[in-house]
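Participant: Protein chains in written order, with our numbering: chain S, 7 to 161; chain V, 119 to 303; chain E, 638 to 1027; chain Z, 7 to 321.
Every residue, glycine too, gets a C-beta built ideally from N, C-alpha and C.
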Amino acid sequence: MSSKKCFLCSLAKWARRKSVWLYHAPAGGLCNGCDIEIAAAITPRYDVERFGILLAPSPRHADVILVAGQMTKHSKERLLRVYQQVPEPKAVVAIGSCAISGNVFTTENYPVAGTVDQIIPVDVYVPGCPPKPEAIILGVVKAIEKLEKRTAEPT
Amino acid sequence: MKSSIVKEALKYFVNPVTEAFPAAKPYFPKKYRGPPVYDQDKCMGCTACAHVCPADAITVIEKDGKRTLEVWYGKCTFCARCEESCPADAIHLMEEFGVPSEDKLAFKSTVTHDMVKCKLCGKPFITIRHAEWIKKNLLEKMSDVVGSEEIDFFLTVCEDCRHKVENIPEFRKLLIRAAIKGGKV
Amino acid sequence: MEKVEGKICSIPIGPYHPALEEIAFYKVYVEGERIVDALIKPGFNHRGIEKLAMQRSYRRNVQLFERVCGICSDAHTTAYCVAVENCLKINVPKRAQYIRVIEHEANRIHSHLLWFGIAMHIIGFDTLFMHSWAIREAIMDVVETLTGNRVNYSVNTIGGVRRDITPELAKYVEEKLKIVEKGTLYLMKAVKEDKTIKARTSEVGILTKEEARKYCVVGPTARASGIDEDIRKDDPYINFEDFEFEVCVEDACDVYGRIMVRLRETLESIKIVRQALKNLPEGKLIADLPYPFPSEDVGRVEAPRGELIYYVKSNYTNIPERVKVRTPTFVNLPAVKPMLIGNKLADAPQILASIDPCLSCNDRLVIVDLRSGREKTVLLQDFIRGRVKL
Amino acid sequence: MYIVPLLIALAEIIIYPGLIFSILFGGIIVWLYRKVRARLQGRRGPPWYQTYADVFKLLIKETIIPLRAWKVGFIAAPMISLAALFVAVLLLPFFGKESALGFLGDAIVLLYLLTIPTFAIAFGGMASGSPYGIVGSGRETSLLVWYELPLWLSAATVFALANSISISGIIEEQALHGPFAIRLPLAFIAFLIAAQAKLAKRPFDIPHAETEIVAGPYTEYSGSLRALFELCEVFKWLAVSALTATLFLGWPVIGNPVADALIFIVKIVFFALIFAFIDIINPRLRIEQAGWPLWKIAAALALIDTIRVCMGLVI
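1. I need the DSSP call for A100 (chain S), collapsed to helix, strand or coil.
2. Residue range of the alpha helix (DSSP H) that T784 (chain E) falls in?
3. If we call anything under 8 angstroms between Cβ atoms a contact, is I171 (chain Z) one with I114 (chain Z)?
4. Establish whether the CB of G51 (chain Z) and some CB of chain E are separated by less than 8 angstroms.
5. Against chain E, does R51 (chain S) count as a neighbour if the rule is that its beta carbon must be under 8 angstroms from one of theirs?
6. What residues in its chain sit with their C-beta under 6 angstroms from that of L1002 (chain E), if we drop five residues either side in the sequence?
7. When we look at the beta-carbon of T954 (chain E) and count the other beta-carbons within 10 Å, is it buried (16 or more) or exposed?
8. So, at 7 angstroms on beta carbons, what are the nonlocal neighbours of T944 (chain E) in its own chain, with the 5 sequence-adjacent residues on each side left out?
9. Should the segment 732-744 of chain E be called in touch with the segment 752-768 of chain E, which here means at least 3 C-beta pairs below 8 angstroms?
10. Against E986 (chain E), what residues of chain Z qualify as contacts under a CB-to-CB distance less than 7 angstroms, listed in chain order?
11. So which residues on chain V does Q47 (chain Z) lean against when the C-beta distance must stay under 8 angstroms?
12. Within the same chain, show all residues whose beta-carbon is closer than 8 angstroms to that of G111 (chain Z), passing over the 5 residues directly before and after it, in chain order.
13. Apart from the five residues just before and just after W257 (chain Z), which ones in its own chain have a Cβ nearer than 7 angstroms to its Cβ?
14. What residues in the segment 775-802 of chain E bring their beta carbon closer than 7 angstroms to a beta carbon of chain S?
15. Compare the C-alpha of F131 (chain V) against each of Z:C316, Z:R290, Z:I286 and Z:E294 and name the closest.
16. How would you write the range of the alpha helix (DSSP H) that G936 (chain E) sits in, first residue to last?
17. Which same chain residues end up closer than 7 angstroms to V886 (chain E) when comparing Cβ atoms and leaving out the 5 residues on each side of it in sequence?
18. When Cβ atoms are compared, which residues of the segment 130-157 of chain V fall closer than 9 angstroms to chain E?
19. Could you have a look at N969 (chain E) and say whether DSSP puts it in helix, strand or coil?
20. Please list, in chain order, all residues of the same chain as D311 (chain Z) whose beta carbon is under 6 angstroms from its beta carbon, the five residues on each side excluded.
21. Got a sec, what are the start and stop residues for the alpha helix (DSSP H) S710 (chain E) sits in?
22. Quick one: what does DSSP say Q295 (chain Z) is sitting in, helix, strand or coil?
23. With a cut-off of 8 angstroms on the beta carbons, I'd call H749 (chain E) and G35 (chain S) a contact; round off their distance for me.
24. From S:R66, S:V98 and S:L60, pick the residue whose C-alpha is nearest to that of V92 (chain S); which is it?
25. Is it right to say A127 (chain V) is buried, meaning 16 or more other beta carbons lie within 10 angstroms of its own, or is it exposed?
26. Tell me R963 (chain E)'s beta-bridge partners as DSSP assigns them.
27. Using 8 angstroms as the cut-off, can you tell me whether the segment 202-221 of chain Z makes contact with the segment 31-38 of chain Z, which would need three or more C-beta pairs spanning the two stretches below that distance?
28. Do you know offhand how far G796 (chain E)'s Cα is from P730 (chain E)'s?
29. Please report the straight-line C-alpha distance between E818 (chain E) and I746 (chain E), rounded to a whole angstrom.
30. Whole angstroms are fine: how far does the CA of C197 (chain V) sit from the CA of Y695 (chain E)?
31. Using three-state DSSP, classify K254 (chain V) as helix, strand or coil.
32. Between H768 (chain E) and chain Z, is any beta-carbon pair separated by less than 8 angstroms?
33. Between T764 (chain E) and chain V, is there a C-beta pair that is closer than 8 angstroms?
34. With 7 angstroms as the limit, tell me which residues of the segment 138-157 of chain S have their beta carbon closer than that to any beta carbon of chain V; keep them in chain order.
35. Is there at least one Cβ from chain Z nearer than 8 angstroms to P649 (chain E)'s Cβ?
Printed below as a string of structure tokens:
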């Protein structure tokens, strides 16, 4: 019995590692730079599909949320709602300087609601303005490692 | 009807354009603007980089007689303005990207310098290396205008104290002499 | 979906929607599948850039305005620099102007190919989307090699440029341009041949010439409606008077026309880059900068999306007293409403995308009542006539 | 004495051509589709085990049932869909002429079974309570109206020419007198077009057009329920390609069950690749434009062949 359980566990780990669906959620104030680099990551030159990574259209299907851009007060609640819609286990990757710290826009300006990790828990940070698609792929890989650790018992 | 797209698609079918990313190194051109790092040997702590940084990613911390310059490339715009403005060629943008991390405070490069303490009030106000550099440059370029005495005075007394000591006659004389040598009164 | 009145239902598009790269909220009122009205609610993207610009020095602002929009980043810095240079009467060296032209047009090529890919993705043609983005990587390499970053070029500075183009680099650019030109010709051929693309895009999102004039649309949207206007020709900046190129005008007035205008413009841009590389003059890269004095002026630039205007007012300090940005999307976005009405719901994302909305350029007005913390949107007319209490 | 046939029946249901084989083989077909699409787009594409990893990962993920959804319908929809497709797979002739559950009139039952998933998906979309799901369900059902006519017309032509409504009868007729793909070329083309719509692939992927209505009926589905829909997709590819192979290319029947099964598998892969190729080189049509190829072209072509068969013009 125990060996079977272990086998299922390792199978679950394998499946989580090999199939990762992303949901791209812009955090409000963004310049599109990071977003076009995320889009570039699915296109032929970088092609994340060879690692089993897909961009999912709906947050309900996603495993990893990519948050790019700066938190504005206007979109704070929307992002929180998207985060809650994603089923467990999930991981969040903050992409770009804006998501990490606010970049040139600072966190003190009037429309800004702080950084992304003040709103939702962030697992991996990818620096860059914007990061190269390769860096984004590496960030997602880091997030997958975190997902694996978080693996619950398969039911 | 769809001949050209089919032809092109078949061409792509034979040679996909995907790069073997994790195996092969990604393309970095010469002078790629990656994360900035300090060179401890060259840096003299003049804070020129902190002044030009558009995102305030470079912070200056003065504590216990030491000045620490810290570039946090979690906030950096990778514009290379610091590299451009550095007088000592001590900050460089790496030709690779910043590696993703679970800790956002890990994206850092720091450099620490000892500071000169003001002779009069004991407040540290300039780094030792910066003072040496100023002295060297002034002696080289303006030795006919200022003597080493005046330079030493300027580099050992802090700004606040200089304002105060302007009222002390001896120093006042010194200042006037320096001013006359400079050609202005 | 909620019922509004009778058979009319409202369907939200956004704020998070796979067809939209950035977040914006559109509410479309439909009767069956036919759109009868639309409500556009931008504002999620407001970052207070103009406020920040009034706190920073002229040179630091360049990096700030670059991040207004990542797709047309070069157009924003060019417009800002041109505005400041006009304002402070700075004569920029000719070599710097030519280098600016090269980067400006490379930016346009990348933006148009990107938009073409997104448009194809929206009508479900993923193969052409992938092909166009594969071609776009060549121009991204050019940009990365010339400037050191794929998106934010950071090359323009007040009074000139920060990086030189060496002859080896010029040769590299020429080689890559050949790939881009071949690819763009293929994309044009594929679009012209394909009847299904034509079935999806022609007669959709019609904006007639009269309506286009009424809504004052700019850029490729206007040119696809038969209005011959291009700031590069009408009011040449950064030495555009030296270059020969054609203003691409189509009379189709629909989404198909907008696709063709952008693809043809890509070819024209390639021509301009070639001319600039060929006739690159010798000289300094950066002009000597004067001390600021009180003055004011505008910089007009043909961004990939249309006319972009920066207004700069200076005083004796090294911080601009006021910078105002008027982006092309700000003018084009209201024109989406007449385009949408009468079309099918299935075409809504395509029409929204057809003006190439860059909301990160656009969003700059949201009214927040600080006492109650409530937000409200206002009608533009009310705002202009001063009916809104701020 | 009943134990041996029972065991055989169980083996058929569980191993071949039932659960295990059809999931493994269907997974390969879906992977082939994704791989070919990726390669034609200039990419490398996913590894061969991608479909299994996707399904298994979704199975062990948390399943969220939205508050606005009608719970029973929301959960039942993927199960109904999967069950219908599973029975349909068992009806396919994986032993040369014979299928696992073959009986007289199974061809008509098969066609009906393939209609059930469409309704189930539409039902699930309605039950999910999301506006995108409702619009997607509406599109799903209206697409059904468009493609059902050419599908049944061309199938009826086949039944009429084979003078049989059982799958083994149809295959026997083709084995004797050559495949219907050659004898009824117009009905064959019509069936291909209708099958493309049945698979909901481009140019007919209108029900779950990603950029228009997020994921259509699947928008609110997560975790294991979404995994069931993924499995449905796998079975659908298998069933529709196999149905095309059965109805129109039942020709080389050797008599050896193993060889026949292998030939059948090759044919399934061949038709799956044809559907994949059409999917790759086309954009999506609008819902009212989908009527143009389906009714004006496919139905008309099928009708011509029907008339030819009725008048006895087909050799």
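Facilitator: With the given structure in hand:
1. Position 94 of the first sequence holds residue 100 (chain S). Three-state DSSP puts A100 (chain S) in a strand.
2. One-based indexing of the third sequence puts residue 784 (chain E) at position 147. Start and end: D763 to T784.
3. Position 165 of the fourth sequence, counted from the start, is the residue given in the question as residue 171 (chain Z). Position 108 of the fourth sequence, counted from the start, is the residue given in the question as residue 114 (chain Z). Cβ distance < 8 angstroms, so I171 (chain Z) and I114 (chain Z) count as in contact.
4. The residue given as residue 51 (chain Z) occupies position 45 in the fourth sequence. No, G51 (chain Z) lies away from the interface with chain E (no Cβ there is under 8 angstroms from its Cβ).
5. As a working mapping, residue 51 (chain S) is identified with position 45 in the first sequence. Chain E contact via Cβ: present.
6. Taking the first residue of the third sequence as 1, we reach residue 1002 (chain E) at position 365. The predicted position of L1002 (chain E) is uncertain, since its pLDDT is 48 and thus under 50; a value taken from the coordinates is nonetheless stated next. So the list is empty, once near-sequence residues are dropped.
7. Taking the first residue of the third sequence as position 1, residue 954 (chain E) is located at position 317. Exposed, since its Cβ has fewer than 16 Cβ neighbours within 10 Å.
8. For the purposes of this step, residue 944 (chain E) is identified with residue 307 of the third sequence, where counting begins at 1. First, the residue type needs correcting, since residue 944 (chain E) is Glu and not Thr in the sequence shown. V855, G856, I868, R937 and P965, listed in sequence order.
9. Judged by Cβ distances under 8 angstroms, the segment 732-744 of chain E makes no contact with the segment 752-768 of chain E, as fewer than three pairs qualify.
10. By 1-based counting over the third sequence, the position of residue 986 (chain E) is 349. Sequence check: residue 986 (chain E) is Pro here, not Glu. Within chain Z, the residues near P986 (chain E) are T217 and E218.
11. Numbered from its first residue, the fourth sequence carries residue 47 (chain Z) at position 41. Ordered by position in chain V, the residues that pass the 8 angstroms Cβ test against Q47 (chain Z) are A127 and Y130.
12. Position 105 of the fourth sequence holds residue 111 (chain Z). Excluding positions up to five away in sequence, the list reads I171 and S172.
13. Taking the fourth sequence and counting its residues from 1, the one referred to as residue 257 (chain Z) is at position 251. Here the set comprises Q180, A181, G184 and P185.
14. Contacts with chain S (Cβ-Cβ distance below 7 angstroms) from the segment 775-802 of chain E involve R787, V788 and N789, listed in chain order.
15. Taking the first residue of the second sequence as 1, we reach residue 131 (chain V) at position 13. Of the listed residues, the one whose Cα sits closest to F131 (chain V) is Z:I286.
16. Walking along the third sequence from the start, residue 936 (chain E) turns up at place 299. Here G936 (chain E) belongs to no alpha helix (DSSP H); instead the beta strand (DSSP E) covers S932 to A940.
17. Looking up residue 886 (chain E) in the third sequence gives position 249. Around V886 (chain E): R860, G863 and D865.
18. Y130, V135, Y145, F146, P147, K148, K149, Y150, R151 and G152
19. Taking the first residue of the third sequence as position 1, residue 969 (chain E) is located at position 332. Three-state DSSP puts N969 (chain E) in a helix.
20. Residue numbering aside, residue 311 (chain Z) sits at position 305 when the fourth sequence is read from its first letter. Same-chain partners within the cutoff: T163, L190, L192 and A193.
21. As a working note, residue 710 (chain E) is residue 73 in the third sequence. Run containing S710 (chain E): S710 to L725, per the alpha helix (DSSP H) assignment.
22. Indexing the fourth sequence from 1 puts residue 295 (chain Z) at position 289. In this structure, Q295 (chain Z) counts as coil in the three-state DSSP scheme.
23. Stepping through the third sequence from its first residue, residue 749 (chain E) is reached at position 112. Stepping through the first sequence from its first residue, residue 35 (chain S) is reached at position 29. Going by Cβ atoms, the distance from H749 (chain E) to G35 (chain S) rounds to 25 angstroms, so no, they are not a contact pair.
24. Start at 1 with the first residue of the first sequence, and residue 92 (chain S) comes out as number 86. When each option's Cα is compared against that of V92 (chain S), the closest is S:R66.
25. Taking the first residue of the second sequence as 1, we reach residue 127 (chain V) at position 9. Answer is buried; the Cβ neighbour count reaches 16.
26. Position 326 of the third sequence, counted from the first residue, corresponds to residue 963 (chain E). In DSSP, R963 (chain E) forms a bridge with E:I946.
27. no
28. Translated into positions along the third sequence, residue 796 (chain E) becomes position 159. Translated into positions along the third sequence, residue 730 (chain E) becomes position 93. Rounded to whole angstroms, G796 (chain E) to P730 (chain E) spans 8 angstroms at the Cα level.
29. Translated into the one-based positions of the third sequence, residue 818 (chain E) becomes position 181. Translated into the one-based positions of the third sequence, residue 746 (chain E) becomes position 109. Using only the alpha carbons, I get a separation of about 10 angstroms.
30. Looking up residue 695 (chain E) in the third sequence gives position 58. Looking up residue 197 (chain V) in the second sequence gives position 79. Rounded to whole angstroms, Y695 (chain E) to C197 (chain V) spans 15 angstroms at the Cα level.
31. Working through the second sequence from its first residue, we reach residue 254 (chain V) at position 136. In the structure shown, K254 (chain V) sits in a helix (DSSP, three-state: H, G or I).
32. Locating residue 768 (chain E) in the third sequence gives position 131, where the first residue counts as 1. Yes, its Cβ sits closer than 8 angstroms to a Cβ of chain Z.
33. Working through the third sequence from its first residue, we reach residue 764 (chain E) at position 127. Output row for T764 (chain E): interface = yes.
34. K138, E140, A141, I143, L144, G145 and K148
35. Counted from its first residue, the third sequence places residue 649 (chain E) at position 12. Chain Z contact via Cβ: present.
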